[in-house]
Amino acid sequence: MDSGNNRLFRLPFHLPNSVTARKWCVYISGVLYAVGFWLFLDAVIYSKHANASDLHVTFVDWIPFLCSTFGTIIVSSIEKNRLLEGALSSDSGLGYIGDSLDSTLAWQARAVLFLGFALLAGGMSGSVVLLIIKFIVKDYTSYPTLGMGINNVLGNFCIILSCVVLWVAQNMQDEYSYSLNL
Amino acid sequence: MFEIKVSPLTKIISLSGFLSMGFLLVILSCALFHNYYPLLDILFFLLAPLPNALSKSRYGSADFMSDSSSQNGNDFSHFLTGMFVTSGIVLPLVLQHCQLIAAESCVMSIMGGSIIYCSIITFSWFFQSSFDGEDDQLFT
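Taken in order, these protein sequences are the chains called A and B. Position 5, counted from 1, in the first sequence is what this note's numbering calls 5; the numbers after and before it change by one each time, with no gaps. Here this note's numbering = 1-based position in the second sequence + 182.
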């Protein structure tokens, strides 16, 4: 496929360079997010329509999913260059505060990024806590009922994975353009 | 290089035939079981190519020289495309798991939706490849 001039297939991508790799990583991240979203929605619809037990999905089950989604939005919408600039400036001057505006922005970016990752981790651990407290402790351990809690955990895990893939894709592009600038 | 010459009209006619076959499969999967939930699948697969087309007309194609705002716009549209395609495939599975639609209906709507999406993608692909062919004729 990527054997230079005498290619076998007429495919629109020539070499897996950084841009196409970034594109496919972003596609995969979208796919993972949709899988997580539908895993969770499966639990909700199952609880509404095909549930035999007396345990139902309530608003409490939505909270980890909402936390993960907000965390994904925050982490992926932050400007990565701002973070890098802040790191470089804080590395270069040890005691010397050169650009106070720049360092303030970097500090804000780091705080918001921390908030985003905390929301992601909170969503994941919240879903695990929900699985334990709502399902396992109350002896709902047979499968079709337990599946609702398991789906919640798996959905949140997929959303975190999508966020990680998106982060890697965006940072990959940044390193590429950085080396190009050098 | 061996290449089959097909007139664009034949391409368009065969593609529209494929597209209508996809619609037929999805509508049949609803009508045979008197259950119109799988029609949502068509909506997802019709929405799926939309973000890419919009961002292509707005930001142009992404290369390494473009600035970060167009990159982010393209990223968002790719993300949305991946989400919509996966949603279209997963939605019948979820509905089947929740016992809202039958298993046959699930399989038929997935196949129909995939055919719809593939025909739309192939349609935009034909335009691109015809432009590329003109470029090749220009430069060689």
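Just so it is clear, CB atoms sit at the ideal spot from N, CA and C, and this is done for glycine as well.
Asked	Found
Beta-carbon contacts of M203/B that lie in its chain and below 7 Å, excluding the five residues immediately before and after	I297
Buried/exposed call for L94/A, threshold 16 Cβ in 10 Å	In this prediction, L94/A has a pLDDT of 47, which is less than 50 and means its spatial position is unreliable; what the coordinates show is noted afterwards. So L94/A counts as exposed.
Near-chain B residues of the region 111 to 130 of chain A (beta-carbon distance less than 9 Å), N- to C-terminal order	none
Where E79/A sits in the DSSP three-state scheme	coil
Reference S291/B; option with closest CA among S306/B, V188/B, I224/B, L232/B	I224/B
Contact with chain B by V153/A, beta-carbon distance below 8 Å	no
Stretch-stretch touch, CB-based, cutoff 8 Å, three pairs: the region 25 to 41 of chain A with the region 262 to 278 of chain B	yes
Residues in the region 42 to 61 of chain A having any Cβ partner in chain B nearer than 7 Å	D42, I45, Y46, H49, A50
DSSP-derived helix/strand/coil call for C280/B	coil
8 Å Cβ cutoff met for P233/B and S259/B	yes
CB of V165/A within 8 Å of CB of S127/A, strictly	no
Contacts around V112/A, its chain only, beta-carbon distance under 8 Å, and the 5 residues preceding and following it disregarded	I74, I78
Outcome for P190/B when other beta-carbon atoms lying within 10 angstroms are tallied against a minimum of 16	exposed
Same chain, Cβ closer than 7 Å to L275/B, five either side skipped, listed in chain order	C288
Proximal chain A residues relative to V188/B, where beta-carbon distance stays under 8 Å	Neighbours of V188/B on chain A: none; closest Cβ ~14 Å, over 8 Å.
Local conformation of P231/B per DSSP, three classes	coil
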